[in-house]
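**Q**
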Amino acid sequence: PKYILLLNNDTVVKSDLLDKLVNAIDSDERIGFAGPMVYKYDRNGQTDLISVAGVNLIMNRGSYRRLGSEEVDRGQYHSTAKVDSLEGSCLLIRRTALEKIGLLDESYFLYWEETDLCRRGFEAGFGCIVVPTTGIWHKVSASKPRAMVTYYKTRNRLWFVKSHATKEELVSFLCYFCLFQFWATIAGYIYRQEFANLSSFLKGVLHGIIPKEQLKPMAKSASR
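Structure, rendered in structure tokens:
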């Protein structure tokens, strides 16, 4: 196929979703990824609350800004726009982009995997666009244990920054993380007595420092 659609099974889509995504991505061969407006499925009966209208990266902080998050859709996002990344709950991908950059990196497992995919596409010359004139409603999967979320978000964030930041961005991030955020996060967990999260955070930092290629053999050895 010319395009591949990734779509979560806990979504409801607008009837024009594929038409609008395909038309948008088909307009420029440099576009590798297209995504719709993503709405909260149901917030006390409200169905026009935006979950995300595209993602922009803040590389020197190892973070991102979810555009439109928690905003009521009043038409403020009315035209197709370039973004750094898209949410993986609904993502249309040009096949030639995947042939060039590969598939989702299984090492991430949970969180940051679609951001890594979009960034690899960007580095290979493929852009991302959000098409806010169509959309999906994302029910969001069942809640995950918070300690697990803490671990994967911490580890994968470090992997992502190491893989994709420029030297200047990496130095800025390390200064911010090592001198401030690392200690502030630890202090917060201790103050709230969230010791399981503290343990997961520290483990995530340790494994985030270790290259992905070395972590897999270590995990297999530990399992034996």
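Sequential numbering of the sequence shown, starting at 9, is according to the working numbering. Think of the CB as a built atom: it goes at the ideal place given N, C-alpha and C, for glycine as much as any other residue.
(1) Let's test the definition: count the other Cβ atoms within 10 Å of the Cβ of Arg-51 and tell me whether it reaches 16, buried, or not, exposed.
(2) Do the segment 68 to 81 and the segment 110 to 117 meet, that is, are 3 or more Cβ pairs less than 8 Å apart?
(3) Looking at C-beta atoms only, is the number of pairs between the segment 31 to 48 and the segment 135 to 154 that lie closer than 8 Å three or more?
(4) Just grab the DSSP bridge partners of Gln-248 for me.
(5) To which residues of the same chain is Tyr-159 closer than 7 Å at the C-beta, ignoring the five residues directly before and after it?
(6) Comparing the C-beta of Thr-174 with each C-beta of chain D, is any distance below 8 Å?
(7) If you drop the 5 nearest sequence neighbours on each side, which residues of the same chain put their C-beta closer than 6 Å to that of Thr-142?
(8) Could you tell me the distance, in whole angstroms, from the CA atom of Cys-106 to the CA atom of Ser-59?
(9) Can you tell me whether DSSP reads Ser-77 as helix, strand or coil?
(10) How far does the alpha helix (DSSP H) with Lys-82 in it reach, from first residue to last?
(11) Which first and last residues belong to the alpha helix (DSSP H) in which Gly-135 is found?
(12) Have a look at the DSSP bridge pairing and note the partners of Arg-102.
(13) Count the CB pairs spanning the segment 168 to 175 and the segment 121 to 131 that are closer than 8 Å, and state whether there are at least three.
(14) Is Phe-117 helix, strand or coil by DSSP?
(15) Throw me the rounded Cβ distance for the Ala-155 and Asn-205 pair, which I believe falls under 8 Å.
(16) Considering only residues of the same chain and omitting the five flanking positions on each side of Gly-40, which have a CB-CB separation below 6 Å?
**A** This is what the structure holds:
(1) exposed
(2) no
(3) yes
(4) The question about residue 248 has no answer here: the residues shown for the chain are numbered 9 through 232.
(5) Ser-208, Lys-211 and Gly-212
(6) Judged by its chain identifiers, the structure shown contains no chain D, having just a single protein chain.
(7) Lys-22, Asp-24, Leu-25, Lys-28 and Pro-44
(8) Residue 106 is actually Leu in this sequence, not Cys. The alpha-carbon atoms of Leu-106 and Ser-59 are separated by roughly 26 Å.
(9) coil
(10) The sequence given here places Arg at residue 82; Lys does not occur at that position. Taken as a continuous stretch (DSSP letters only), Arg-82 belongs to no alpha helix (DSSP H), as it is neither H nor E.
(11) Premise fails: Gly-135 lies in the beta strand (DSSP E), 135 to 146, not in any alpha helix (DSSP H).
(12) Tyr-11
(13) yes
(14) coil
(15) 6 Å
(16) Arg-102, Ala-105, Gly-129 and Phe-134
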